[in-house]
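Worksheet: one structure, shown below.
In our numbering, the protein residues as written are 474 to 562.
Okay, here's the thing in structure tokens:
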């Protein structure tokens with residue numbers, strides 16, 4: 474996913490999330506893991522695909538889950554996948 478490559482090599486700050494939301498191809502971006510005022514997990518919808526992205530220092534940003542967008546259950550599934558991923562970190 475080319476948008477992962479454009480993310481900084483660290484967790485996002487709130488202002489960077491706002492800038493990500495302004496990107497033309499991004500339908501929505503929502504933080505799902507915020508600690509110490511930085512975002513380590515987020516859901517991003519690009520066109521018709523919903524991505525769950527997580528950040529860890531050793532690996533950087535990674536796609537934790539990927540689903541077709543449009544069904545509220547998909548967002549819940551991405552949220553659950555990110556919670557499980559965060560518990561493993």
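Just so it is clear, CB atoms sit at the ideal spot from N, CA and C, and this is done for glycine as well. Computed from a predicted model, the values in this text were never measured in an experiment.
Backbone CA spacing between residue i and residue j [nearest angstrom]
| i | j | result |
| --- | --- | --- |
| residue 506 | residue 536 | 14 Å |
| residue 499 | residue 519 | 5 Å |
| residue 530 | residue 558 | 14 Å |
| residue 495 | residue 560 | 30 Å |
| residue 424 | residue 551 | Lying outside 474 to 562, the shown extent of the chain, residue 424 is not represented and no answer is given. |
| residue 510 | residue 549 | 23 Å |
From the options, residue whose alpha carbon lies closest to that of residue i
| i | options | result |
| --- | --- | --- |
| residue 484 | 541, 550 and 526 | 526 |
| residue 487 | 517, 478, 504 and 558 | 504 |
| residue 555 | 497, 544 and 517 | 517 |
Identified DSSP bridge partners for residue i
| i | result |
| --- | --- |
| residue 540 | 523 |
| residue 534 | 528 |
| residue 506 | 514 |
| residue 501 | 518 |
Residues of its chain near residue i, where Cβ-Cβ distance is below 7 Å and the 5 sequence neighbours each way are ignored
| i | result |
| --- | --- |
| residue 547 | 523, 540 and 541 |
| residue 534 | 477, 480, 526 and 528 |
| residue 493 | 499 and 502 |
Contacting residues, own chain, Cβ-Cβ under 8 Å from residue i (five flanking each side not counted)
| i | result |
| --- | --- |
| residue 521 | 541, 542 and 543 |
| residue 490 | 502, 504, 512 and 515 |
| residue 532 | none |
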